[in-house]
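Structure first, commentary second.
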Amino acid sequence: MMTMKQHYHPTNAFIRTARNIFLPLLLLTIATFAQQEEEDHNDEEEAHPLPSAFLKHQNLMNEARQSAKPSILLPANLLGTELPVSPITLTILSLTILWCIYILQRSSTALVSHILLEGPDDDALKNKLTKYKEEIQNNAEKFGTYAQLYSTCPSGKNNKGSLGWIKQGVMVFQFDQICFNKNMGLRECLGPVQTEFGWHLIWIQERKICSW
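In mature numbering (1 follows the signal peptide of the UniProt record, and there is no 0), the protein residues as written are -36 to -1, 1 to 176.
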């Protein structure tokens, strides 16, 4: 028996964050390193081959030139190990990760129940749920009873179809679109809607839409 699993898909908020925050920072980092590499390349072109007697002096000059770079452009050092990225890159990545976590915590939520039917005959399942919907109307208690009697999801028998509070972007796409569409009513039977798990009737008791 399949159960109603949770699947992640990118939300519009996450996409906006990647476009408005991460991409400009990434481009800034690339431009900074490109400029620094060009300066290093020009320095190398200006240098002339020296006899071996002057190699030590040349090494000292190179070290001095390297130390003249801003510290944020030098490779980061962690417990004595030189990393392939600079402190500024680590800072940008850290801030981006924290921002994404903040966004996910501010996701819209909904208090949702559902009735799931599974089987090979889509038309039969859809017709059966349409009949249930007509009988349930806007009766929350009857929705829970039908979930206990007919839903193939464990939430039916265990919790009258309740999935509790779910976050936007956690459930499969088709299910998510019903739950977080402002045009879909509250405290009424919605559907039938098809997902990879089967056919659903959905009941949204409450919805909290996050404004970005």
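No residue lacks a Cβ here, since even glycine has one placed at the ideal position from N, Cα and C.
Hey, which unbroken runs of the alpha helix (DSSP H) at 4 residues or more fall wholly within the region 92 to 167?
Fully enclosed alpha helix (DSSP H) runs of 4 or longer: 104 to 114, 118 to 123 and 137 to 143.
With 16 other Cβ atoms within 10 Å as the buried cut-off, status of Ile130
Buried, by the Cβ-count rule.
I'd like the list of long-range same chain contacts for Phe144, defined as Cβ closer than 6 Å, with 5 residues on each side in sequence excluded.
Cβ neighbours of Phe144 beyond the five flanking positions: Ser72 and Gln132.
Take Lys90 as the anchor and find which of Pro156, Glu170 and Cys174 has the nearest alpha-carbon.
Checking every option, the nearest Cα to that of Lys90 belongs to Pro156.
For Tyr66, count neighbouring C-beta atoms within 10 Å of its own C-beta (all shown protein chains included) and say buried if the count is 16 or more, exposed if not.
Result: exposed.
Exposed or buried, what is Phe137 when buried is set at 16 or more other beta-carbons lying within 10 Å of its beta-carbon?
Counting Cβ neighbours within 10 Å, Phe137 comes out exposed, since fewer than 16 surround it.
Taking C-beta to C-beta, are Thr116 and Leu81 nearer than 8 Å?
In terms of Cβ geometry, Thr116 and Leu81 form a close pair [threshold 8 Å].
Can you check which of these residues, Lys121, Trp167, Ala104 and Glu105, is closest to Gln112 by C-alpha distance?
The residue with the shortest Cα to Cα distance from Gln112 is Lys121.
Straight-line gap, Thr159 to Val134 (C-alpha atoms, nearest Å):
Approximately 14 Å, taken between the alpha carbons.
Gly149, buried or exposed, once every other Cβ within 10 Å from all chains shown has been counted against 16
Burial call: exposed.
Starting from the Cα of Glu170, find the closest Cα among Gly162, Ala104, Thr109 and Leu54 and give me that residue.
Nearest C-alpha to Glu170 among Gly162, Ala104, Thr109 and Leu54: Ala104.
Cβ-Cβ distance between Ile100 and Cys153 below 8 Å
Closer than 8 Å, so yes.
Going by C-alpha to C-alpha distance, which of Ile168, Arg151 and Phe139 sits closest to Phe161?
Ranking Ile168, Arg151 and Phe139 by Cα distance to Phe161 puts Phe139 first.
For Gly128, count the other beta carbons within 10 Å of its own beta carbon; 16 or more makes it buried, fewer makes it exposed. Which is it?
Around the beta carbon of Gly128, a 10 Å sphere encloses fewer than 16 other beta carbons of the protein chains shown; the residue is thus reported as exposed.
Is Gly108 near His78, with beta carbons less than 8 Å apart?
No, the Cβ-Cβ distance between Gly108 and His78 is not below 8 Å.
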